[in-house]
Amino acid sequence: EAVVKDVKYVGTNGFAWFARLYIPKGVTNENPAPAIFMSHGGDGVNEAMGNTALELARRGYVVLNIDMSGHGFSDKPIRAYGMGGAELFGYLRSLDIVDTTNITLIGMSMGAEPVASAADAYPDGYSSIFYMDSGSNFPMRDAMFAPETYRNVMLNWGTEDEYTEMSYGVSSPLDVPGSVKMMKTFGVTEPVEIGKIYGSIEDGTARVLRMPADTHVSTLDSVRTIYNAIDWVQMTTEGGNELSPSNQIWRWKLLGTSFALIGAILFMFPLGGLLLETPYFKSLTETTPEFKGLKGYVWWIAALITTILGPLFHNWLYSKGQGMTATSFWPQAQTNGYMVYTVVLGGVTLLLVVFNHFVMTRKQGATAHNYGLTWEGKGLDWRKIGKSFLLAICILVPLYLITLLMYYLFKVDFRFSFLKIRVMDLDRFKAFLGYLIPFSIYYFVFGVMLHGFLRFKNGKASLAIEMLVNIAIWALGLYVWDFFNYAPAFFGDGLPKNAFTVLRAFPLLFLWPTYALLSTYFFRKTGRIYVGAFLIGILATWIIASGSSFSVLPW
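In the numbering used here, the protein residues as written are 13 to 567.
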């Protein structure tokens, strides 16, 4: 049992850091406990490391689980002041409830950087280091992962980790033990033996490599990796209890937040349906317009092209977007990747819409009304379009308030591993506003394609069947593409090509089916694309802007 507290620490030049502090029951200034300094990876937040933090707190360790600079609720931008390592580690050491002679540093992925900052600033101030699939974006340090001056280091690297080539310069995770970087870190000339302790824990010179069967992201929710973290802490840091590393309860937490995430998504359907029955919004409920879209084999060709477009452009466009110079209006590199991808994908889809209309469906008498864009005899009804936007807001505001309540009462997000819906601070809300219009454009265009041209069975399918078909149209290509990307890792000893960008498509595996369901449901309810497009545009922007790191200060 532990008390969890939110901490805000103001350091150099007024830079404010946010962290979560876990204090085990019975720990006081008269009964100090060993401690853990812990950091998440890039474009993450402290809650990403919540499973490991929970397990270590259960074992009697005070845990400081930080938000790196530019991440979470810490000040911006990224990489300011050593990512917070030295300053927040100094804060942890200042607590009178901490036994400063027994502290372990844990960093996941980019979290190696604040760990290095802490270790460099306090070379004798910690007992050991645990690197959780860390390596990407970490300084080469003369081709060494951890200098020989670092005390008692365990390297945990997944046998399917996508960042292997970027981090160790080898094409397969199975070659990591023999990589130049790894051998130099261990001070050997032969491949490192997995599981063997090199050096001495007592002298602080220990080096260990363990390689569980994990991808880069799955380490966050891995029994094997969390076992390794607990085991290394217990081997190198005195004062915790002897609860076995195999005794893990974090899966119940993950199950709860995952069901909560599903519940948050499902919440929007009945709430929207009920609001459409109120006197104010009832005017939006209309029958779906007559279908005059694509039919027969042309429908199948168009559906196939549509589902292929997403994966076809992903790696190239995401890389272009992330590589563009961040600005105060668009300050998040990861979000810029998604933004460029989404905008160009929307542009290509618009070209297909125009082509289909003028070459095929106009001959059948199709108009903007049949596509769910206008109202018969009225054209664009701006009053109803405004009401559609307001309805989307009225659905999402209660969802945001529930997210806020869950965060402050239980200190968790709606979350399944890397996928989360989070609350926003003012800086993130500013970023949200900057990205909202570019992101939303795609969902309007795709709504026209999906409901104007690709309604299944000429628009006569049941709602359930149409939902399933639209999930396939929107996301099936992405699933197939992702499977073939990962086949070399899971069925051989290779890695996905363009691993960094492939990994960034993971959230879309859940989000695109969700968007297909929302779009279809509200189109069938209102006969127009607007409610669904507004709802998805706002939701998608909220999800990405609330979780991405800041490359520069927002406006």
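Yeah, the Cβ is synthetic: ideal placement off N, Cα and C, and Gly gets one too.
Keep in mind it's a predicted model, so treat the numbers as computed, not measured.
Uninterrupted beta strand (DSSP E) stretches inside the stretch 430–494 (no shorter than 3 residues): Within the stretch 430–494, complete beta strand (DSSP E) segments of at least 3 residues are found at 431–433, given in chain order.
Best match in 457, 386, 452 for proximity to residue 350 [C-alpha to C-alpha]: Per the Cα distances, 452.
Option nearest residue 21 by Cα separation, candidates 53, 35, 77: If you compare the alpha carbons of 53, 35, 77 with that of residue 21, the shortest gap goes to 77.
Going by C-alpha to C-alpha distance, which of 509, 425, 515 sits closest to residue 267? Ranking 509, 425, 515 by CA distance to the CA of residue 267 puts 425 first.
Going by beta-carbon coordinates alone, are residue 74 and residue 92 separated by less than 7 angstroms? In this structure, residue 92 does not lie closer than 7 angstroms to residue 74 by Cβ.
Go through its chain and collect everything with a Cβ distance to residue 64's Cβ below 6 angstroms, but skip five positions before and after it. Excluding positions up to five away in sequence, the list reads 238, 241.
Just to check my reading of the structure: residue 111 and residue 159 have Cβ atoms closer than 8 angstroms, yes? What is that Cβ distance to the nearest angstrom? Actually they do not touch by this definition, with Cβ atoms about 25 angstroms apart.
Does residue 40 come out as helix, strand or coil in the three-state DSSP assignment? Reduced to three states, the DSSP call for residue 40 is coil.
Three or more beta-carbon pairs under 8 angstroms between the stretch 499–506 and the stretch 361–380, yes or no? Short answer: they don't touch.
With DSSP run on the structure shown, which of helix, strand or coil describes residue 308? In the three-state reduction of the DSSP assignment, residue 308 falls in the helix class, which pools H, G and I.
With 16 other Cβ atoms within 10 Å as the buried cut-off, status of residue 514: Around the Cβ of residue 514, a 10 Å sphere holds 16 or more other Cβ atoms; the residue is buried.
Tell me the rounded alpha-carbon separation between residue 231 and residue 199. The straight-line gap from Cα to Cα measures roughly 26 angstroms.
Go through its chain and collect everything with a Cβ distance to residue 329's Cβ below 6 angstroms, but skip five positions before and after it. Closer than 6 angstroms at the Cβ level, and outside the excluded window around residue 329, lie 352, 353, 356.
Kindly give me the distance between the Cβ atoms of residue 316 and residue 408, rounded to whole angstroms, as I take these residues to be in contact under 8 angstroms. With 8 angstroms as the limit, residue 316 and residue 408 do not qualify as a contact, their Cβ atoms being about 33 angstroms apart.
Backbone CA spacing between residue 489 and residue 84 [nearest angstrom]: Distance between the alpha carbons of residue 489 and residue 84 is about 32 angstroms.
Nearest residue (CA-CA) to residue 559, options 36, 531, 59, 133: When only C-alpha atoms are compared, the closest one is 59.
Per DSSP, residue 75 is paired with what? In the DSSP secondary-structure assignment, residue 75 is bridged to 34, 48.
Is it the case that the Cβ atoms of residue 528 and residue 556 are separated by a distance below 7 angstroms? It is not a contact, given that the beta carbons lie outside the stated cut-off.
For residue 163, the three-state DSSP class (helix, strand or coil): The three-state secondary structure of residue 163, taken from DSSP, is coil.
Closest by CA to residue 278, which one among 226, 525, 289, 40? Looking at the Cα atoms, 525 is the closest of the given residues.
By the three-class DSSP mapping on this structure, what secondary structure does residue 303 have? Note: residue 303 maps to coil in three-state DSSP.
Strand pairing of residue 168, partner residues [DSSP]: Paired residues: 144, 222.
Entirely enclosed alpha helix (DSSP H) segments - the stretch 56–144, minimum 4 residues: As far as the stretch 56–144 is concerned, its whole alpha helix (DSSP H) runs of at least 4 residues are 62–70, 97–106, 124–133.
Using 8 angstroms as the threshold, is the stretch 128–145 in touch with the stretch 93–102, meaning 3 or more CB pairs across them? Yes: the two stretches touch, three or more of their Cβ pairs being nearer than 8 angstroms.
How many angstroms separate the CA atom of residue 542 from the CA atom of residue 122? Straight-line Cα distance between these residues: approximately 40 angstroms.
Cβ contact check for the stretch 442–451 and the stretch 335–348: 3 or more pairs under 8 angstroms: They touch, by the three-pair rule.
Spatial distance of residue 163 from residue 218 (CA atoms): Each residue's alpha carbon lies about 7 angstroms from the other.
Using the C-alpha atoms, what's the distance from residue 437 back to residue 390? Looking at the backbone, the Cα of residue 390 and that of residue 437 are separated by about 41 angstroms.
Do you know whose CA, among 412, 321, 344, 465, lies nearest residue 583's CA? Here the chain covers residues 13 to 567 and nothing more, so residue 583 does not appear.
Taking the beta carbon of residue 145 as the centre, do at least 16 other beta carbons fall within 10 Å, making it buried, or is it exposed? With 16 or more other Cβ atoms within 10 Å, it is buried.
How close, in whole Å, do the beta carbons of residue 460 and residue 372 come, if the pair is a contact with beta carbons under 8 angstroms? At roughly 14 angstroms, the Cβ-Cβ gap does not stay under 8 angstroms, so residue 460 and residue 372 are not in contact.
Measure the C-alpha to C-alpha separation of residue 254 and residue 113 and round it to an integer number of angstroms. Each residue's Cα considered, the two are about 19 angstroms apart.
With residue 95 and residue 125 assumed to form a contact (beta carbons below 8 angstroms), what rounded beta-carbon distance in angstroms separates them? In this structure, residue 95 and residue 125 form a Cβ contact; the two beta carbons are roughly 5 angstroms apart against a cut-off of 8 angstroms.
Comparing C-alpha positions only, which one of 540, 131, 189 sits nearest to residue 383? Ranking 540, 131, 189 by Cα distance to residue 383 puts 540 first.
Coarse secondary structure for residue 428, derived from DSSP in three states: Of the three classes helix, strand and coil, the one that applies to residue 428 here is strand, per DSSP.
Which residue marks the beginning of the beta strand (DSSP E) containing residue 17, and which one marks its end? Membership of residue 17 in the beta strand (DSSP E) is indicated by the continuous run 14–22.
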